[in-house]
Amino acid sequence: MRDNEYGSIVISSRIRLARNLAKELFPTRLSKEKGMQVRNKIISAVEPIDNFKIYPMNVLAETDAMVMHEKHLISHNLVENKDTGAVCVNQDESISIMINEEDHIRAQCLMKGLSLEKAFDAINKIDNTLASKLNFAFDKKWGYLTSCITNVGTGMRASVMLFLPALTLSGQMEDIINNSLKPKRLTARGVFGEGSGAEGYVYQISNSTSLGNSEREIISLVKENVIRLCELEIEARKRLVKEKLSTARDIVQRSWGILTNCYRLNYEDLLKYLGQLKLGIAIGLIRFKDNYIIDRLTQTCLPYYLSKTFNLSLGEEDLEIYRAEYVSQELKRERIK
Amino acid sequence: MGSNWFYNEQNTLEISSKYDDEQETVCPYCKTEKADFLDTMFLGCPHCYEVFSEDVARAIENYQGASEHVGKVPEKVLNKESIRLEIEKLEKLKAQAVIKEDYMLAEVYLQKIKSLKGEK
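In the order they appear, the protein sequences are chains P and S.
With numbering that gives the first Met the number 0 applied, the first sequence covers 0 to 336.
With numbering that gives the first Met the number 0 applied, the second sequence covers 0 to 119.
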């Protein structure tokens, strides 16, 4: 796999497994008392595994929970489930196990680059350990039983986050999503999952069905199509440089201008303009000392992350002013003229 | 769990504990209504898969385009399955031993079966 060549396209890979305990109602039907029992049972199974920290949602501060959400460690649903929710996170935060989300267990492994197999191996090991201690709801015909039938079978979602600016600008993405991905039962969504738009040219490609193929087959399918998308993006970038260089240059310079001069900056605009700067880096129109500055700012400027990192307690307006100044300083400091 | 009355092939009235003819409209375990499931695709508990079996099968095949799990099986379930097959094999060997009137051997098989079933 030409990982380096796709380094400017593939951001991260994620494997998620959904599991439920046999003989227990699914989380949405559990009483508070029963939900807490289920939570404690799962926590007892996770506790002996090395390097995991356990955070029941009722003791986790709202800001900390939201930072975890922004880091993609937990869903918004879990943030809201103060009564019976919990999350277990390993030391390097590559693995998180959500308890009492849509299913009793939502275990995920998130890794940089195109690393679906590695992520699966890591989460599969955790799954085997949990399965030796807990009885999972499993049916010979339907596989792992899940709260929503869209996850039944393997209970697995394999997704890869991709930066696809040239395919987006050339207007090819809609056609690719509808005519190439959908028929193969693959889906493309924005960074924050279902219903979110592809801000900053970032798309999450994943399997849309979970039954009828083994875990390895699903991973191969997603990977094959991700590689195909990478090849198409490389082609589209070449065409962009060859045929529309002045347009691309204008987009990049405008973004630089806005990001280094604006007084207030909301997160949506930040994603948009950082995405355009990242395109500039990818096609050699702008250079920075650290090529990962865009990904770094994308993370550190998230509302709760920013507040937590710099110990701020600002309202939305002041936070936008702070963000604008911070981003401007960072970009100017890192740019190579 | 509801029961259905029906006539078998011998035209004798029987009670079925299966959810075959008219399907339940509410899951007796978690009180999820069939209409809610059809609306949202969400079930309330593992039993719902059996209680609403026909509708669940239709919905799954419709959405997933498949009707059979082919992936990972939990080790405990795998073990159970291999134990079931072993018991089946021993039952046949025991029956053969009985036919041959080798009751000592049949007793050996019986003890093995009991051991696998956790009865001794």
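Glycine included, each C-beta is placed from N, C-alpha and C at the ideal position.
- Chain order gives the chain S residues near P/Ile148 as Phe36, Met40, Phe41, Leu42, Tyr48, Val55, Ala58, Ile59, Tyr62 and Gln63, where near means a beta carbon separation below 9 Å.
- In summary, S/Met103 is exposed, with fewer than 16 beta-carbon neighbours lying within 10 Å of its beta-carbon over all protein chains present.
- Annotation note: the stretch 8-84 of chain S contains the following uninterrupted beta strand (DSSP E) runs of length 3 or greater, listed N- to C-terminal: 12-15.
- Residue burial is scored here from C-beta neighbours: S/Leu84 has fewer than 16 other C-beta atoms within 10 angstroms and is therefore classed as exposed.
- P/Gly279 is classed as buried because its beta carbon has at least 16 other beta carbons within 10 Å across all chains shown.
- Contact between P/Asp102 and P/Arg18 holds: CB atoms are separated by about 6 Å, below the 8 Å threshold.
- Identification of residues in the stretch 43-61 of chain P having a C-beta nearer than 8 Å to some C-beta of chain S yields an empty set.
- Considered as a whole, the stretch 18-73 of chain P harbours 51-55 as its complete beta strand (DSSP E) runs of no fewer than 3 residues, in chain order.
- Taking a beta-carbon distance threshold of 8 Å, S/Val69 counts as an interface residue toward chain P.
- In this structure, the beta-carbon distance from P/Glu79 to P/Ala165 does not fall below 8 Å.
- Taking 8 Å as the cut-off, the beta carbon of P/Ala121 is found closer than this to the beta carbon of P/Ser93.
- Distance check between P/Ile14 and each of P/Ser30, P/Asn57 and P/Asp126 places P/Asp126 closest, using alpha-carbon atoms only.
- With its beta carbon less than 8 Å from one in chain P, S/Val76 belongs to the interface.
- When rounded, the separation of the alpha-carbon atoms in P/Trp141 and P/Asn39 is 27 Å.
- The beta-carbon of P/Trp141 is placed less than 8 Å from the nearest beta-carbon of chain S.
- Look at the stretch 237-299 of chain P and you find these whole runs of alpha helix (DSSP H), each 4 residues long or longer: 244-260, 266-281 and 292-299.
- Residue burial is scored here from C-beta neighbours: P/Phe162 has at least 16 other C-beta atoms within 10 angstroms and is therefore classed as buried.
- Contacts with chain S at 8 Å (Cβ-Cβ) do not include P/Thr246.
- The Cβ atoms of P/Leu220 and P/Lys183 sit closer than 8 Å to each other.
- The Cβ of P/Phe119 sits no closer than 8 Å to any Cβ of chain S.
- Under the three-state reduction of DSSP output, P/Ser95 falls in the strand class.
- Contact of S/Pro45 with chain P by beta-carbon distance below 7 Å involves Asn19, Ala21, Ala136 and Leu144.
- DSSP, reduced to helix, strand and coil, places P/Arg13 within a strand of the structure shown.
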